[in-house]
Structure formats: C-alpha cells, structure tokens
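J.: Questions regarding the structure given below will be posed in turn.
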Amino acid sequence: MSRVDGRLKVTGGATYAADNQLTGLVYGVLVTSTIAKGRIKAIDTQAARKAPGVLEIITYQNAPKVPGYEAKPTGQTRVDGQEFRVFYNDEILFNNQPVALVLADTFERANHAASLVTVQYAQAPHQTALRPNLTKGTKPKRADDYLRGQANAYTTAPVRVEQEYTTPINVHNPMEPHAATAVWQDANNVTVYNKTQAVRIAQQDIMKAFNLKEENVRVHSPFVGGAFGSSSRVWPQEMAAILGAKKVGRPVKVVLRRDQVFNMVGYRPESIQKVGIGASPDGKLVGITHEAYGLTSSYEQFAERIVDPSKSLYSCPNLNTTYKLVPLDLSTPCWTRGPGESSGSFALESAMDELAYALGMDPIALRLANFAENDPENQHPWTSNQLRACYERGATQFNWARRTPAPGSMRDGDWLVGLGMSAGIYKAGRSPATARATLLADGSLLVQSATADVGPGTYTIMTQIAADVMSMDPAHVRFELGDSALPPAPGQFGSHTTTSVGSAVYDVCLSLRQKVLELASGQAITTRDGYVELLRQKGMPQLSVTKESKSGSEEKTHSGKSFCANFVEVWVHPVTGQVRVVKVVSALDVGKVINAKTARSQVLGSVVWGLGMALMEEGQIDHRFGRYVNKDLADYHLPVFADVPDIDVILIDQPDTILDPIGAKGIGEIGMIGFAAAVANAVYHATGKRIRNLPITPDKLMA
Amino acid sequence: MINFQYLRASSPKSAIDGVRTDLSAQFIAGGTNLIDLMKRGITAPPKLVDINNLPLRDIADEGKTIRIGALALNSTVADHSLILKKLPLLAQALNAGASAQIRNMATVGGNMMQRTRCPYFYDPSLPCNKRAPGSGCGAVAGINRMHAIFGLEPVPDQHVCIAVHPSDMCVALAALDATVEVWGPGGNRTIPFTGFHRLPGSNPQKDNTLQHGELITALRLPDNALATHSHYLKIRDRASYAFALISVAAALDLKGKTIQQARLAMGGVAHKPWRLTEAEQVLIGKPATEATFREAAQVAMRGARAFEHNTYKLKLAPAAIVEALTRAAG
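Those sequence lines, one after another, are chains F and A. Using the numbering used here, read the first sequence as starting at 1 and increasing by one per residue. Using the numbering used here, read the second sequence as starting at 1001 and increasing by one per residue.
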C-alpha cells in the first residue's frame, strides 16, 4: 500500500511547523552568542528597536518568567540535570546559544533587526574538545557499567584484538529546519505548532515550564520533515516562540537557521571507545571489554546506549563494559538514529572484523560460531531471532562467496575492491499506547492516537492495520496523529511506534469489531453501507472505542531485539583515496513487515545514514572558539544521490509471536546498526588500511 | 540582510554606469554565491545592478578562438557541442562543479567572481583577514583541511590568508590559456586568465585584479591541439556537490607517445587557480610515461607548504597530477 499522505506531501498540502500562517503572526529571529562560555556584559538593542517593523526584543533582562525554570531538577526527566533555560540569565553555556529574540511584523525585518543587536561578553575559558578532557569523565548517574564472568578476560585469550575507535559529532540535519509557532488564547492557554516526534512529551514539558494544566496546553505536529531524534524534547525555538507570544500578545513563529540547527536541537555526541576482544583459535569468544567515553554539556548528562550491542550480540562468557561522560561547554547532545548503538557497533563490529583476520577466519563464520541462542545479557530467550537467516540470505544475495579474504586481493581495473560485512542488534519493545476508533455515520472509520509520523509512514501503516482488522477498504479509514489532545501515545523514537501504537490500533479495532458484532446481533458487517445502516438502525451518530495496549509479562521473561546483517562492496582508488560504495545488501529481522514499501524506505534511509556516518559526516568544532566551522549543508557533508549505490533490502518477515499482537518488531534504526563498520571492514579488505576514526575520508586513506 | 536598491541594466554601458558611481554597488548575474554572502551578512551591497538582460550569452567559434559570453550559463557551456568538441576539459571541469541546479543558474563570469568557501570567511564572529582585514586568519592555526599549500608568501599576521579559490571551471580556464574580456569605466581591456585572480599578498580581501565598475563580458580560449588528451580530475569528500580537496586539469598534445605540448593546473591548492608552467616544461618532448609524469609532479610540488590538517595534500597533489596526466594520455 502506498503512502496515504503521499499526495499531500508532494503537492505541498501537508502543513509543516513553519507553514502555520496564523492571523496576526509575528516573526521571531534568534540572536545567538559568539562565545562558548562566559557572561553577557551588555546587550545593545537600541538600533534594532528603531528598525522598521520591530515589535519587541526579548533578552534575559525582560523575558517573561518561566516558573518551571526555578524548580529544582527532579531527576525524573529523561535527561539528567538542569535543562537549558532560554533567556534566563546572563550565563553563556555554549556557542551559538540564543541570547535574544527579535520580534517583527515580517521575517525579513526581524532578520535585519537581529543583525543590529550587539552583545558584549565577559569571556571565560571553555573546553569543547573530548580527548584532552578524558580525565574529567565520570560515570553517568544512569550508569551503564556491566560485568558478566571475569573482567578483561580477553587478555587471557590466545588470539586477541585491542584497539581504539572514534566517532565524531554527527548532526541530524533533517531537511526541514526546526520551527515552532505559539499562540496564547488567554493568560493560561497556549497552543504550539511545532516539529516534534512526541506531542505528548512536548505538552508535558510546556506544562511543567509554565505551570499549566494538561487542558491548557495543546501541541500540534501533524507533519514532520525528518527528525531522527532531534525533535524528541522541547528546545529553544519552542520556548522562544511561547515567550515571544506571551510578550507581544500575538502568535509568534520562530524558525531555526541551518547553523542554529547544529547547536540547539542536539546531535550525536563524539565517542572514544576502546575494545578488547579475545577468542580461542577456533573462534569461540573468550571475553569482550568495551570502554566508551562520550561527551555531554556542562548542565545535563546525556547518556546513550553505546555499549548495548556488545552486551547482547554475541555469546561470550566474559564481558565488561564501562561508559563515562565528559562534560564540555557545548549544548546537550540528544538521541540520534540508533543513539549509542550506531557508534558502539562501529567499534564492536570493526573489532570483530579485526579478530576474524587475526584468527584467519571468515567474518560470517566467526559470527555464526558465537551466535547467541539466548540474550547473553540476562539469559532470557529471544522473543524471536532470525539473525542466522539474515547472514545466510544476505551472503547469498551479495555473493559473499566471491570474496578472497586477503586485503588488496580483489580489483576491478584501477580500483581496489573490498567486501565487508557486519551484524547489528537493536532493542525491540513497546510502550503503553492508547488509540480511539470511531465508526462514523457515513460508514467510514476514524482512528486516532497522539503519535507522530516523522517520515516512516505511520499514517499509512496505522490505516492499514485498522482496515485489516475491520475488513474495510483503507480508503474509508482515516488515521489522525500529531495532536496532544488525542489519546496518549509514546514519542516516535526507539523504533517502537509500530509495536506500541500499531498494537493499540489493532486492539481497539478488534474491540470495535466485537462491539459491531454485538450490535448487529452476531451478523458480520463487511460493507460501508452495512455500517451506515447499523448506526442508523440503532440511532447512533457514531460508535467509538478507546483502548490502551501495553506489554505483559513477556517483557520480564523475554528479550526483544531486531537484528540485521550488513554487506557492503566498496571500490577504493589507490591513488586518490576515493571510496565508492557500489553495492549494499541489508538483510533484516524486524518481525512481521506491515508495509513492504515503507519498510524498505526505512532501510534505505538507514543505509544512507550509515554511508554518511562511515564516509563523510563530521561536525567540526574549532576548539579555540568552541564553535562549529562546517555549520551548513555545503560543508557538513551528507551523502548525495551520486553517493548512494544499488541497495538490496532483504526483510526476513517472520512474525514475532511474543512481543506484540501484530508480530512486528522495529525497523527505524536497526538498518544502520553496524553499518559504518561494514564499510570500514570493506575498506580494509580493499586496501589493507584499517580506519578506526570515522569518517573515512580520502585524506585518511592517503596518510 | 539590508534593504538594497535593485536595478536591471539594459546595456553593458548602463550596467557599468550603475556600479561605478557607487563604491559599494555590485553586479549580480546568477547570484548563486552573492545571495548566500548577503544572507550571511558577509557582504551588504546597498545597490545591485542585475546584468542578466545583457546580450552576453553567446558561445561562438571565431576561427582561432572560441568566445564565451560572460553570461553563458555553466550548464549551457558544459553541454555545448563546440565546447565538447574543442574544449572537453572545460566541459568536464564545469560538470565537476556545484550541483545541476546551481549550474543552471550560475554564469561563467559569476563563476570567476565567486569567493572562497573558507568557513572562517563565512562566519562574521570568527577572524578572517579576507572578510575583515586585520582581524587575523582563523584557518592558519584552525581547521585547515581544505586550505592552500601554494602561493603563501610570508606576510605579517594581519595579512595572512590561506584560503583557496573554489572554482573548478577556473582551473580548466587557467590551463587552457583563456583571456578575459573586460569593459569598464576606463575602457575595454583583456586580462590573461592566470592574471585575473591574485595571490593574497598584503591584500587578501582582493580576490582578483578587476577594478571597481569593470564588467566581465567574455572569455576567449585559443583553439588548441589538446582536445584528444585531456582530463579534469577532482578529488572530494563525496561524489557531487563538494569542493575539491585537490583537482587537476591536464591536457596533452601527443605525437605518438611524445608530448608536444602540455597544460597543467590545479585547484584546491591556492588563492587562485594554480597553473603549473614549470611542470609543463618538464613534460614537453618526453614520452608520456608514468616516470615522466612523476618528474613533472615533483617539479609541480616545489614550494608547497602544509598546515596541521592539510599535510595530506603534499602526498595527494602529486599523486593526483600523475593520475590526471595518465588519464589524459590514455
């Protein structure tokens, strides 16, 4: 089934956050700091205030009070610490931090006036580089240290690898810049149109900030142009729009500039990781040690799941992991597609490849030799695991058999050919979600839940699930999301929308079907006219059911994961160091595939993300200034079409009978777990050069 | 961005008159770089004179030379049968630059006028002698992976600039002995292409030798015997829409295996497109072999100097020269 919102999107009919043109709209442009740490000595807004069209300029000196900013951190927030407080005081905590909001009657006038605001700073010494500050690393409050068996057992193994791997800052850079429009209906009622993966979380955050009740805060986000984790909490643009709207008593829209997207909405933190891995000569793993360092801001501890893949991917009796965070004068990082797992799996899966060479063993054979029959982290049985099928079908499709293992042994003309592979694992689970299904008088079905569709096809999939259960034509089903007033659903992150919301839609439609059956005295209704007639006979304007779905005891007895095997063919030019990925095969176990088209698209997206991470993406900070230097899409390189090869997606498509009633696991992230390592492993196979510091750019291959 | 005056010129003379009287006024053609610079607050001309209506788009075979109007679009030139036949190196270089959308807007004159993409130049909060003379060079001790290795005369800190010229087209033009036709308040003149762009010296804010009010009207390229053996090699971080780490324009006139004539220029290495005349001399009269190419590359690299993040260029540049010459000869 094709996307139900496809036509709206390609014809411009879909309303994204910045598309909301409310009556009396005022445009807000953020002025941002040019230092990384210190205090504001003075802000001169005189010239800006005199500029045409300017209505108000908000700084910490005149911003409306935010009651929530005074509250002591509760430790209950998803990120530990004191959230960044917009226009709160004179403190500068990171470069490009918002220090003023210029409000004017047009965007151009606000933008011009923003350029007239001058700020004087008392600069303080800052630290933005991870490596020189490693000694400041501390165990995060939400610690991830783990031990089974003996620590550092790898050192006793006959064959071992011990290496350091690094990954740089990656910035989500969705196509749609972050935006928010806020309007106060009265002193206690605010509506926000923003770009979010979680309308309910945004609503809760705003309620807390302004001390408002649930019915006083409404968040709308029906369409999102990519988010990848960057819209999973409320950021400065929402707060600035809300404060601006409060100040001028009119709706205010704030859209981030591309360079502001680098600083204000999180990013994938840099990592430095040490992996020690040891095996017996037959390839049986003896021990794995994975020590990871990440960075965070000075005011919050953003911890990610960087060592998770190491804990569960392989059967290995001895395993110890540590994770330390280094606070730096940067904004807080946030969840970024495969948050932690993407970086951690680069280290683990590169090390596995190095081990395969040390053992003289085929990389797939090594992985099969250490296949985990149960989740080694907790000995729980898997809810389902088709990883073996992923290896087998992926290898066949890719023609892995043609690979001659010696580095540099395969060529095509002038080019060195390399074949590499890796495995991936990602959590699969569900959160409580509620859906409402309403049979309308015209015989059509309306299904609603406060989830999001940031691109994966949620509108489509939910429509499909509902239509299937009700045996209805999908054209007669409408799914609504992206409104905080709808029945609650988790945010769209962690690859669990289909399992959570999909199950809720499934369950509520089952209930509705049952109700219809009861109303019709056991007569099954299969046509739209039949529904119309039933409601008419019973004198009901509509028939509505609301239902919450959640996991049961299986959550405690079983381990849910998605799996993948990534296969990559690269060509490397021996003279120029250019890497061309010419072929990708991704084989994935994501449970039952609900929609083949959107599922495939999710994997294509993950692969392109993986290519970017492997070959080109790097947020570069000049540490003398603590400021990004490549903060636009010309200098921060994302893959372009010419970089994207032929991608074969193999979905094993076996239902998970334990995790949820619809058999799905998750698909949004698994495709990029381990992917960067598959590229690095292929580059090694082509050249004999092991690049352990991403991204793999030509200069590194020339070194 | 400030409010600015916008005029549309109907003749070269009115365009020149519109700019010359106001020292801050600028011409605008495709605007693919100027608009970015204005949006970022790097430049704020109070007056723009739009030259898109001027009759400067023709591409013509004049017998011994090919004349390309300054307003010919990059994509038009790259696809033009005359260029593909006689100056394939130029077509290749054009297609290696920017994106299809930008090439459809950008003119050849504008391509010559584009400014460096040094990130320090683009951020008004960072030091840059090119943008804010005397503020220092952010790149020299900063992130200088993309920066120059040639043409770096020792100058005081307040003049240092290690930016590179970003154009691909200009590298081919430098190699192909183009000349630039210029009309101006002081009359018309012709500038050899290699004299059009300049080294930073003590005036890094100046990219080229145009005087204020002068308008590029055309390029002239001599017909040559280099079309059969030419190659534009561009090494970059992704397959399209990325500036060159190193690029090489190479063209040879071969008689059998013997090199009669050679043209060689590099991009991504200096403040201007970097013509390698000494290396060309090494090639002439020699067989087109890897050994010859290596010798030329060695000569080409004389005087190169690297910084913290671009030392790879000292290795990549000569390798790229050999590769480009090999492909040109092949």
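Note that CB positions come from ideal geometry on N, CA and C, so glycine has one too.
Could you check if R78(F) belongs to the surroundings of the ligand HEM, using beta carbon to heavy atom distance under 8 angstroms?
T.: In the structure shown, the ligand HEM is absent, as is every other ligand, since no ligand is present at all.
J.: Going by DSSP, which residues form a beta bridge with C564(F)?
T.: C564(F) pairs with G424(F) and L588(F).
J.: State the Cα-Cα distance for the pair R1020(A) and A1029(A), rounded to the nearest angstrom.
T.: R1020(A) and A1029(A): Cα-Cα distance of roughly 17 angstroms.
J.: I want to see whether chain F comes within less than 9 angstroms of R1103(A), judged by CB atoms only; does it?
T.: Chain F, which has no Cβ nearer than 9 angstroms to the Cβ of R1103(A), makes this no.
J.: Quick check on R536(F): does DSSP put it in helix, strand or coil?
T.: It is helical.
J.: Take every Cβ of the region 177-188 of chain F, pair it with every Cβ of the region 336-352 of chain F, and state whether three or more of those distances are shorter than 8 angstroms.
T.: Result no; under three Cβ-Cβ pairs closer than 8 angstroms.
J.: In whole angstroms, what is the alpha-carbon distance linking S384(F) and Y426(F)?
T.: If you take the alpha carbons of S384(F) and Y426(F), they lie about 13 angstroms apart.
J.: Less than 9 angstroms separating the beta-carbons of G287(F) and G276(F)?
T.: Yes, these two residues count as a Cβ contact at 9 angstroms.
J.: Should N1234(A) and V1269(A) be called a contact, given that it needs their Cβ atoms to be closer than 9 angstroms?
T.: For the record, residue 1234(A) in the displayed sequence is Lys; it is not Asn. Against a cut-off of 9 angstroms, the Cβ pair of V1269(A) and K1234(A) comes out as no contact.
J.: At the 9 angstroms Cβ level, is Q620(F) part of the contact set with chain A, yes or no?
T.: Chain A, which has a Cβ nearer than 9 angstroms to the Cβ of Q620(F), makes this yes.
J.: Here's the rule I'm using: 16 or more other beta-carbon atoms within 10 Å means buried, otherwise exposed. How should R1236(A) be labelled?
T.: R1236(A) is buried by the Cβ-count criterion.
J.: Just to check my reading of the structure: E176(F) and Y16(F) have Cβ atoms closer than 8 angstroms, yes? What is that Cβ distance to the nearest angstrom?
T.: Sure, about 6 angstroms apart at Cβ, within 8 angstroms.
J.: Assuming M613(F) and N170(F) form a contact by the criterion Cβ under 8 angstroms, report the distance between their Cβ atoms to the nearest whole angstrom.
T.: Right, the Cβ-Cβ distance comes to about 6 angstroms (below 8 angstroms), so this counts as a contact.
J.: Helix or strand or just coil, what does DSSP make of T1116(A)?
T.: Note: T1116(A) maps to coil in three-state DSSP.
J.: List, in chain order, every chain A residue whose beta-carbon is nearer than 8 angstroms to that of V255(F).
T.: Ordered by position in chain A, no residue passes the 8 angstroms Cβ test against V255(F), which lies about 14 angstroms from the chain.
J.: Closer than 8 angstroms by beta-carbon distance: list the chain A residues that pair up with M616(F), in chain order.
T.: Ordered by position in chain A, the residues that pass the 8 angstroms Cβ test against M616(F) are D1237 and R1238.
J.: Can you name the residues that DSSP bridges to E1181(A)?
T.: Partner(s): T1190(A) and A1218(A).
J.: Can you name, in chain order, every residue of its own chain whose Cβ lies under 6 angstroms from the Cβ of L946(A), other than the five neighbours on each side?
T.: The displayed coordinates of chain A run from 1001 to 1330. Any statement about residue 946(A) would go beyond what the structure contains.
J.: Enumerate in chain order the residues of its own chain whose CB-to-CB distance from V532(F) is below 6 angstroms, with the five nearest sequence positions on each side excluded.
T.: Excluding residues within five positions, the ones whose Cβ falls inside 6 angstroms are G443.
J.: With C-beta atoms as the reference, is V545(F) less than 9 angstroms away from K665(F)?
T.: Against a cut-off of 9 angstroms, the Cβ pair of K665(F) and V545(F) comes out as no contact.
J.: Does S1099(A) get closer than 9 angstroms to chain F when you measure Cβ to Cβ?
T.: Closer than 9 angstroms: yes.
J.: Taking a Cβ distance cut-off of 7 angstroms, strictly less, list which residues of the region 18-48 of chain F are near chain A, in chain order.
T.: Cβ contacts with chain A come from T34.
J.: With a threshold of 8 angstroms on Cβ separation, who are the neighbours of Y88(F) within its own chain once the five nearest residues in sequence on each side are excluded?
T.: If we look at Y88(F) and ignore the five residues flanking it on each side, its Cβ neighbours are Y60, A63, V66 and Y69.
J.: Would you call T128(F) buried or exposed, if buried means 16 or more other Cβ atoms sit within 10 Å of its Cβ?
T.: Buried: at least 16 other Cβ atoms inside 10 Å.
J.: Please name the residue in K37(F), E354(F), T23(F) and D656(F) whose C-alpha comes closest to that of K689(F).
T.: Comparing Cα-Cα distances from K689(F) to each of K37(F), E354(F), T23(F) and D656(F), the minimum goes to E354(F).
J.: Any residues in the region 1136-1162 of chain A with a beta carbon nearer than 8 angstroms to a beta carbon of chain F? Which ones, in chain order?
T.: Residues G1138, A1141, G1142, I1143 and R1145.
J.: Could you have a look at D44(F) and say whether DSSP puts it in helix, strand or coil?
T.: DSSP places D44(F) in strand when its eight states are reduced to three.
J.: Output the distance between the C-alpha atoms of K139(F) and S431(F), rounded to the nearest integer angstrom.
T.: Rounded to whole angstroms, K139(F) to S431(F) spans 27 angstroms at the Cα level.
J.: Whole angstroms is fine: what's the gap from L1252(A)'s alpha carbon to F94(F)'s?
T.: Between L1252(A) and F94(F), the C-alpha separation is close to 54 angstroms.
J.: If you follow the alpha helix (DSSP H) that V261(F) is part of, which residue opens it and which one closes it?
T.: Unbroken alpha helix (DSSP H) run through V261(F): R258 to M264.
J.: Straight-line CA distance for T499(F) to A599(F)?
T.: The alpha-carbon atoms of T499(F) and A599(F) are separated by roughly 14 angstroms.
J.: List the residues of chain A that H112(F) touches, going by C-beta distances under 9 angstroms, in chain order.
T.: Here the neighbours are M1001, I1002 and N1003.
J.: Spell out the partners DSSP gives A1174(A) in its beta bridges.
T.: Paired residues: none, contrary to the question.
J.: Cβ closer than 7 angstroms: which chain A residues qualify as neighbours of F625(F)?
T.: In chain order: L1126.
J.: What does P1119(A) reach in chain F if we use C-beta pairs closer than 7 angstroms?
T.: Chain F residues near P1119(A): V629, N630 and D635.
J.: Give the single residue among K253(F), P158(F), F302(F) and A686(F) whose Cα lies nearest to the Cα of S409(F).
T.: Looking at the Cα atoms, A686(F) is the closest of the given residues.
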